[in-house]
Amino acid sequence: MLEKIHNHEAEKDIDCSHVNHSPKKLLRYPPKIYLWLFAFQLFNTWCDRLYEFGSYLFIMHVFKDTLLPSSVYGFALTGVGIVLSSWVGKWVDYVSRRTAVAIAIPTKRMSIGLMCLGFWFLSRYDFSVGSERSTIYGVFGAIVFFACVLKVATISLSIAVDRDWIVILTKSDSSALTTVNTNMRRIDLISKIVTPLFFGFLSSSQGNVFCVVFVGFWSLASAVPELLIIKQVYTLVPELAYSKVSQEHNAEKEETVATIPVLSRFYQGWLSYINHPVFASSLSYAMIYMSVLSIAGTMVSYLSWKGYPESLISVMRSLMAVLALIGTFVMPIMKHFLGVYRTAKASIWIEVITLIPVIISFFLPQNLLSAILLFGGISLSRLGVWVFDLSQTQIMQERVDNAQAGLINGWQYSLTNVFDLGQFLLTMIWSDPNQFHIPAIISFAMVVLAAITFTFRYHRIAKGTTVV
Numbered sequence: 062m063l064e065k066i067h068n069h070e071a072e073k074d075i076d077c078s079h080v081n082h083s084p085k086k087l088l089r090y091p092p093k094i095y096l097w098l099f100a101f102q103l104f105n106t107w108c109d110r111l112y113e114f115g116s117y118l119f120i121m122h123v124f125k126d127t128l129l130p131s132s133v134y135g136f137a138l139t140g141v142g143i144v145l146s147s148w149v150g151k152w153v154d155y156v157s158r159r160t161a162v163a164i165a166i167p168t169k170r171m172s173i174g175l176m177c178l179g180f181w182f183l184s185r186y187d188f189s190v191g192s193e194r195s196t197i198y199g200v201f202g203a204i205v206f207f208a209c210v211l212k213v214a215t216i217s218l219s220i221a222v223d224r225d226w227i228v229i230l231t232k233s234d235s236s237a238l239t240t241v242n243t244n245m246r247r248i249d250l251i252s253k254i255v256t257p258l259f260f261g262f263l264s265s266s267q268g269n270v271f272c273v274v275f276v277g278f279w280s281l282a283s284a285v286p287e288l289l290i291i292k293q294v295y296t297l298v299p300e301l302a303y304s305k306v307s308q309e310h311n312a313e314k315e316e317t318v319a320t321i322p323v324l325s326r327f328y329q330g331w332l333s334y335i336n337h338p339v340f341a342s343s344l345s346y347a348m349i350y351m352s353v354l355s356i357a358g359t360m361v362s363y364l365s366w367k368g369y370p371e372s373l374i375s376v377m378r379s380l381m382a383v384l385a386l387i388g389t390f391v392m393p394i395m396k397h398f399l400g401v402y403r404t405a406k407a408s409i410w411i412e413v414i415t416l417i418p419v420i421i422s423f424f425l426p427q428n429l430l431s432a433i434l435l436f437g438g439i440s441l442s443r444l445g446v447w448v449f450d451l452s453q454t455q456i457m458q459e460r461v462d463n464a465q466a467g468l469i470n471g472w473q474y475s476l477t478n479v480f481d482l483g484q485f486l487l488t489m490i491w492s493d494p495n496q497f498h499i500p501a502i503i504s505f506a507m508v509v510l511a512a513i514t515f516t517f518r519y520h521r522i523a524k525g526t527t528v529v
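See below:
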C-alpha cells in the first residue's frame, strides 16, 4: 500500500504542472521564526566549515609526507557514522526535540575546542629532537576520538533540525520545503565560500598556530548564541513541543524494544529502511560520497603535497562553494518545470559530465591546463551535486513520516558513511600521493554507478512498475 502511494506521488511529480509553487505557504508562521532558524544555521555552519577546512591542513602540517594520518582521521569519523547513525536517529525519535538540540550543540562545540587544543600541542611540539612517537600518536588519537564525538553530535543535530524541525515549520508543504531547504543550503554554502578565504587570510598573516587557537575559541564561544537562537525557534513554535507519536504508542514501543534483542532491533531497523520506497534514491545519494573528487578532506592534503599554496586552495574551495550556491537557485527553477525526480536525475548526470575533465587532469603534466581541468571540473561538479542533494533531501522529507524520520534518516546517514568510508579506505591503501589518481578513478566510477542507479529507479517509477 505504501509503495502504491509513493508511486502515485512520484507520478504526480513527473507531471508537475498542477503543483502550487506559491511562496506564501512559507508564511505559516511569522517571518521572524524563519529568520531565527536561518541565524542558527549561520552560526552553526560557520563554525563547522571553519574547522572542517582547517582540520586537514592542521594534520598535513604535522604529518607532511603522507596521506595516511588524514585518511585514518577520516576513516575513524566515517566508521563511527556507520556504526552509530541508526542509533542516533532512533534516539532523536525518542527524546524531545528540545533535548536533542540542547545536547548536540554544546557537544559539538566542546569537541572542536578540545581537538584544537590537541592540534595546538602538536603544532608546538619539537619533532626534530628525538620526539617520542607515542606522545605524538597519543595526542593524535585523542583528536580522532573527539572528532568521532563531533561526528555523532553533528548527525543528531542534522536529523533533528533538517529532517524534523523544518518539516514542522513548513507543515510538509512542498513549495515551502523547497524554499526553506534552499535558504538553509545557501547559508551553508556562504559559510563554505567565506570560511576558506578567512582561514587563508589568518594562515598567511598570523600563522598556523594562531589559526588553531582561533578556531578552538570561536567554537566554544559559538555555543551560547546557538543555544539561545534555537531556543527562540522552539519557544515561538508550539508544535515543536508536541510528541512525535502518541504517549500510548511510545509506551508500547518502549515495552516492545525492551523485550527485543539488540541485534534483532538492528535487523528490523535495516529491513524498515531497505523496504521503504525512498531506499533506492537514498542509496544513490550515499554512493556519491565514495569520492575524493572534491576540494575537501584528503584532496586538500593531496593539493598541499603537490605544492599548491594554501591561499590558492582556499580560493578554489570558495569558488567551488559559489557554484554550489548557484545550484540552490537553479534547483527551485528546475523543480518548477521538471518536478523533483527529474531534477534529481538531471543533476546527478551533470555531476558525471563535469567530473570527466578532472579525471583527464591526473594524466597530464602539472601545468596550467591540468590545474584548470582539475579545479574547474571539481568546481562545476558542485552545481550538480547540490541540486541533487536538495532534490534528494526533499524526496526524503516528503516521503518519510515524522514518526519514522529519525530511523530512516539515521540509516541513510549510516549508508552514506559506509560509502564515505570507502574513499578513506582507498587513500589508506594508496597512501602515496603519487598514486592518488587510482582513488580518483574509482571515485568517478562510483558517481557513474550512482547516476545509473537513480535513473533506473526513476524510470521504474515513471512506468509504474517499481518493486521494492
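Counted from 1, the sequence shown has number 414 at position 353 by this note's numbering; the numbering is strictly sequential. Glycine included, each C-beta is placed from N, C-alpha and C at the ideal position.
Item, Value
"Minimum C-alpha distance to residue 226 - residue among 124, 507, 131 and 292", "292"
"Close Cβ partners of residue 248 (< 8 Å) along its chain, the five nearest in sequence each way excluded", "99, 102, 103 and 106"
"Cβ-Cβ distance between residue 343 and residue 451 below 9 Å", "no"
"Distance between residue 209 and residue 444 (C-alpha atoms, nearest Å)", "29 Å"
"Residue 510 (DSSP reduced to helix, strand or coil)", "helix"
"Three CB pairs or more closer than 8 Å across the segment 254-262 and the segment 122-140", "no"
"Span of the alpha helix (DSSP H), counted from its first residue to its last, around residue 105", "92-123"
"Buried versus exposed, by CB contacts within 10 Å (16 or more), residue 448", "buried"
"Residue environment, residue 440, which counts as buried when at least 16 other CB atoms sit within 10 Å", "buried"
"Proximal residues to residue 172 (C-beta, below 6 Å), its chain only, five neighbours per side dropped", "207, 210 and 211"
"Burial state of residue 93, where buried means 16 or more other Cβ atoms lie within 10 Å", "exposed"
"For residue 156, the first and last residue of its enclosing alpha helix (DSSP H)", "Premise fails: residue 156 is in no alpha helix (DSSP H) and is neither H nor E."
"Residue 503 versus 430, 205 and 413, residue with shortest Cα-Cα distance", "413"
"Rounded straight-line distance, which links the Cα of residue 442 to that of residue 591", "Nothing can be reported for residue 591, as the shown portion of the chain is limited to 62 through 529."
"Residue 269 - containing alpha helix (DSSP H), residue span", "269-297"
"Contacts around residue 83, its chain only, beta-carbon distance under 8 Å, and the 5 residues preceding and following it disregarded", "Below a pLDDT of 50, predicted positions are generally treated as unreliable, and residue 83, at 45, falls in that range; the measurement from the model is reported next regardless. These residues qualify, in order along the chain: 236."
"Span of the alpha helix (DSSP H), counted from its first residue to its last, around residue 200", "194-221"
"Which of helix, strand or coil DSSP assigns to residue 471", "helix"
"Environment of residue 185 [buried if 16+ CB atoms lie within 10 Å]", "exposed"
"Helix, strand or coil at residue 79 according to DSSP, with G and I counted as helix", "Unreliable placement is indicated for residue 79, whose pLDDT of 42 sits below 50; the coordinate value is still reported in the next sentence. The answer is helix: DSSP assigns residue 79 an H, G or I state."
"Residue range of the unbroken alpha helix (DSSP H) whose run includes residue 453", "429-460"
"Status (buried if at least 16 other CB within 10 Å, exposed otherwise) for residue 287", "buried"
"Residues near residue 132 in its chain [Cβ-Cβ closer than 7 Å; skip 5 each side]", "359, 485, 488, 489 and 492"
"Three-way DSSP call (helix, strand, coil) for residue 367 in this model", "helix"
"Status (buried if at least 16 other CB within 10 Å, exposed otherwise) for residue 218", "buried"
"Close-in-space but distant-in-sequence residues of the same chain around residue 180 (CB under 6 Å, 5 per side omitted)", "119 and 273"
"Residue from 108, 130 and 139 whose Cα sits closest to the Cα of residue 479", "139"
"Where the alpha helix (DSSP H) containing residue 421 begins and where it ends", "401-422"
"Of the residues 497, 515, 457 and 516, the one placed nearest residue 419, counting alpha carbons only", "497"
"Spatially closest choice to residue 301 from 279, 277 and 162, by CA coordinates", "162"
"Whether residue 355 touches residue 170 by CB criterion (9 Å)", "no"
"Whole-angstrom distance between residue 241 and residue 91, CA atom to CA atom", "14 Å"
"Backbone secondary structure at residue 493 - three-state DSSP", "coil"
"Minimum C-alpha distance to residue 280 - residue among 408, 394, 178 and 500", "178"
"Reduced DSSP category for residue 353 - H, G, I as helix; E, B as strand; rest coil", "coil"
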